[in-house]
Amino acid sequence: MTRVGPRDMKAGCIITNDPPDWPPQGIALHQPYRGGTMDLLTSQPLSTQLIPTMTSRHLILLSVILFTGATTSPAGDPVPETDWRQFRGPAASGVGRGYQLPESWNIETGDEVAWQTRIPGLGHSAVIVTGNRVFVTTAVSGIKEAGVKVGIYGNIASVDDKTAHSWRLLCLDRGTGEVLWNQCLHRGVPRIKRHTKATHANATPVTDGRRIVVSLGSEGLHCFDLDGKRLWKRDLGLLDSGYYQVPAAQWGFGSSPILFENTVIIQCDVQKGSCLAAFSLETGQQLWGIGRDEVPTWSTPTLWRHGNRSQVVLAGYRHSGGYDPRTGQELWKLTGGGDIPVCTPIAAGDLMILSSAHGPSRPLRAIRFDATGDITPKSTSGSTRHIAWSLPSDGIYMQTPILYDGLLYACRMNGVLGCYDPATGKRFYRERVGGGVGFTASPVAADGKLFFASEDGRVHVVAAGRTYKHLATNPLGEQCMATPSLSGGLLLIRGQDHVFAIGTPCSLPRSTTAASDTTSVQP
């Protein structure tokens, strides 16, 4: 293995092994920011369109929050009931615990809607929550009517938008939806085009409760404090996650950063020079980087903790694998599956569920935690020493499956939902949640319910259990591609134009027998 020191560094990520395409061409060669003078982009006010819609009932709920302190915590201390700090929340599970959530709501009448706040621009990033603050990113094009094309189709085309964009990070009040601040992350013409179904703000931010890290792909890795003050910026070079068989088809970048202790880890699978890299959360300095023999992917890595061991698991086509989060050392490797991985790996105790479905292969399989070396099987069906089970045709392309109350749920892009035993792979049912439109957003689950958002903005609610039961369909009135988030009694859904807060910010835990009575709360 070739160790590369700082003085040998020529690209945005230092690579500590010799990948097949090194030096990279997909990552632009440049000298990274090393301190000194940096132009800080200042906050700018938004128009009055950003003022959230609230009712008097919601103002009463706000007073309850202020008096009870239900959503506040010391900086850096996690609050599991309300904090949702990364893509798919705690442990990337997509699961919220302990609070009630409505089965039905009405955006037009405001029934069960705590607030809705208009967000400018386009973004598929999910919202994150820490304490009483909600964070969301967006990219504002110079084209007024910029949009995305939803539906089930196979077009690989890019959007030819060469106007200057403004990438922004917004902070909202969790109780009211009020915009507390709106910070510009970057301005300029995007270095890579986006897919017709994508945006230039696909990656979800991550926070440790004191700092927020945002990946803009080719526009850099950015870190801010909770008040919108820039702490550091890192140029990662050109990150082109377009179609590997047609390099001219640029699609943008979509992998979200994750945190391990005081380290930011990001998966950069791109046209050439794919890598996994780690940076200091405190300073942005790169800690390690490992090259990967991989085509462009859109998957976000998962931190897998079991016993006293931790590993970062990456989904891939040529190169799925587990890595030591402290050193980047590869622990195991798996080749094969769908050739454009999008799903995030999900932990199921001592098993890791991997799913992919693009191209001729679409396996859904479970990897054992003690896997070591090259575990690639001869067949995509059956089990091996390191693969507990594998279903060759049950894999999911876009949505990340979800494990909830002992059952695994996997929904296809066409809305067909499967329910499985995560220990054996046995399927209990396969039913259609909705048809005629695509399903890209990953599901979330809480309060005995699963929530599936279709691209045309209909949120389908399904009861958890081995028997399929569709509970409700709730229209948002706009397109939805972003994965929902959960925060206490709120279901937070990022549509194309708004962030919707469904439920009640101060809803009581499910164990509470008495209904919430806001009139009984005293200062």
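So the number in the numbering used here is just where the residue sits in the sequence shown, counting from 1, plus 986. Note that CB positions come from ideal geometry on N, CA and C, so glycine has one too. No experiment lies behind these values; they were computed from the predicted model shown.
Extent of the continuous beta strand (DSSP E) run through residue i
{"i": "Gly-1337", "result": "Note that residue 1337 is Leu in the sequence shown, not Gly. Looking at the DSSP string, the run of the beta strand (DSSP E) that includes Leu-1337 is 1337 to 1341."}
{"i": "Phe-1486", "result": "1484 to 1489"}
{"i": "Cys-1170", "result": "1165 to 1174"}
{"i": "Asp-1159", "result": "1151 to 1159"}
{"i": "Lys-1179", "result": "Element bounds for Lys-1179: n/a, residue is neither H nor E."}
{"i": "Trp-1070", "result": "First-last for Trp-1070: undefined, no H or E at that position."}
{"i": "Gly-1277", "result": "1272 to 1277"}
{"i": "Cys-1209", "result": "1207 to 1211"}
{"i": "Pro-1510", "result": "As shown, the chain starts at 987 and ends at 1509. That puts residue 1510 outside it, with no answer to give."}
{"i": "Ser-1090", "result": "Note, Ser-1090: premise wrong, no beta strand (DSSP E); not H, not E."}
{"i": "Lys-1435", "result": "1435 to 1439"}
{"i": "His-1446", "result": "1444 to 1449"}
{"i": "Ser-1201", "result": "1197 to 1201"}
{"i": "Glu-1316", "result": "1316 to 1320"}
{"i": "Leu-1300", "result": "1295 to 1300"}
{"i": "Phe-1425", "result": "No beta strand (DSSP E) holds Phe-1425; DSSP gives it neither H nor E."}
8 Å Cβ cutoff met for residue i and residue j
{"i": "Ser-1379", "j": "Arg-1348", "result": "yes"}
{"i": "Val-1136", "j": "Val-1423", "result": "yes"}
{"i": "Ile-1198", "j": "Pro-1461", "result": "no"}
{"i": "Thr-1386", "j": "Thr-1330", "result": "yes"}
{"i": "Leu-1377", "j": "Ala-1334", "result": "no"}
{"i": "Ala-1112", "j": "Pro-1491", "result": "no"}
{"i": "Ile-1114", "j": "Thr-1182", "result": "no"}
{"i": "Thr-1269", "j": "Trp-1218", "result": "yes"}
{"i": "Glu-1098", "j": "Gly-1434", "result": "no"}
{"i": "Ile-1252", "j": "Ala-1235", "result": "no"}
{"i": "Leu-1171", "j": "Leu-1155", "result": "yes"}
{"i": "Ala-1150", "j": "Val-1175", "result": "yes"}
{"i": "Ala-1468", "j": "His-1186", "result": "no"}
{"i": "Gly-1314", "j": "Ile-1276", "result": "yes"}
{"i": "Thr-1116", "j": "Gly-1228", "result": "no"}
{"i": "Ser-1118", "j": "Gly-1082", "result": "In the sequence under discussion, the amino acid at residue 1118 is Asn, which differs from the Ser named in the question. Result no, Cβ atoms of Asn-1118 and Gly-1082 do not sit closer than 8 Å."}
{"i": "Cys-1254", "j": "Leu-1225", "result": "yes"}
Residue nearest to residue i in terms of C-alpha spacing, selected from the options
{"i": "Leu-1389", "options": "Asp-1407, Gly-1228, Arg-1216, Val-1402", "result": "Asp-1407"}
{"i": "Leu-1476", "options": "Ala-1352, Ala-1431, Arg-1444", "result": "Ala-1431"}
{"i": "Ser-1204", "options": "Tyr-1230, Thr-1162, Gly-1240", "result": "Gly-1240"}
{"i": "Ile-1105", "options": "Leu-1202, Arg-1444, Thr-1124", "result": "Thr-1124"}
{"i": "Ile-1373", "options": "Arg-1351, Leu-1394, His-1208, Asp-1391", "result": "Arg-1351"}
{"i": "Trp-1375", "options": "Ile-1353, Tyr-1229, Arg-1398, Val-1175", "result": "Ile-1353"}
{"i": "Leu-1403", "options": "Gly-1451, Ala-1143, Val-1192, Trp-1318", "result": "Gly-1451"}
{"i": "Gly-1323", "options": "Leu-1337, Met-1338, Tyr-1303", "result": "Tyr-1303"}
{"i": "Gly-1513", "options": "Ala-1487, Arg-1177, Val-1099, Ser-1079", "result": "Examination of residue 1513 is not possible in this model, given that the chain is present from 987 through 1509 alone."}
{"i": "Leu-1245", "options": "Val-1448, Ala-1449, Val-1299", "result": "Val-1299"}
{"i": "Asp-1279", "options": "His-1186, Met-1338, Gln-1257", "result": "Gln-1257"}
{"i": "Gly-1293", "options": "Leu-1337, Asp-1325, Ile-1252, Met-1467", "result": "Leu-1337"}
{"i": "Lys-1130", "options": "Leu-1108, Met-1399, Tyr-1139", "result": "Leu-1108"}
{"i": "Ile-1332", "options": "Trp-1153, Thr-1149, Pro-1287, Val-1115", "result": "Pro-1287"}
{"i": "Gly-1474", "options": "Phe-1073, Pro-1076, Ser-1079, Gly-1084", "result": "Gly-1084"}
{"i": "Glu-968", "options": "Ile-1252, Gln-1482, Ala-1458", "result": "Here the chain comprises residues numbered 987 to 1509, so residue 968 is not present and cannot be evaluated."}
{"i": "Val-1165", "options": "Asp-1146, Val-1126, His-1186, Val-1122", "result": "Val-1122"}
{"i": "Thr-1190", "options": "Ala-1487, Pro-1470, Ser-1227, Gly-1345", "result": "Pro-1470"}
{"i": "Gln-1169", "options": "Ala-1184, Val-1126, Phe-1486, Val-1145", "result": "Val-1126"}
{"i": "Cys-1209", "options": "Asp-1226, Gly-1117, Phe-1265", "result": "Phe-1265"}
{"i": "Arg-1418", "options": "Ser-1428, Arg-1295, Phe-1437, Asn-1400", "result": "Asn-1400"}
{"i": "His-1456", "options": "Gly-1420, Tyr-1309, Cys-1466, Gly-1463", "result": "Gly-1420"}
Buried or exposed (CB count within 10 angstroms, at least 16 for buried), residue i
{"i": "Lys-1179", "result": "buried"}
{"i": "Arg-1291", "result": "exposed"}
{"i": "Gly-1443", "result": "buried"}
{"i": "Asp-1213", "result": "exposed"}
{"i": "Ala-1449", "result": "exposed"}
{"i": "Arg-1173", "result": "exposed"}
{"i": "Met-1040", "result": "Here Met-1040 scores only 46 on pLDDT, less than 50, and its place in the model should not be relied on; the value that follows carries that caveat. It is buried - the Cβ of Met-1040 has at least 16 other Cβ atoms within 10 Å."}
{"i": "Gly-1206", "result": "buried"}
**Item:** Any beta strand (DSSP E) of 3 or more consecutive residues that is wholly inside the region 1365 to 1413
**Value:** 1373 to 1377, 1388 to 1390, 1393 to 1397, 1402 to 1406
**Item:** Complete runs of the beta strand (DSSP E) confined to the region 1224 to 1289 [at least 3 residues]
**Value:** Here the runs fully enclosed are 1244 to 1246, 1249 to 1254, 1261 to 1266, 1272 to 1277.
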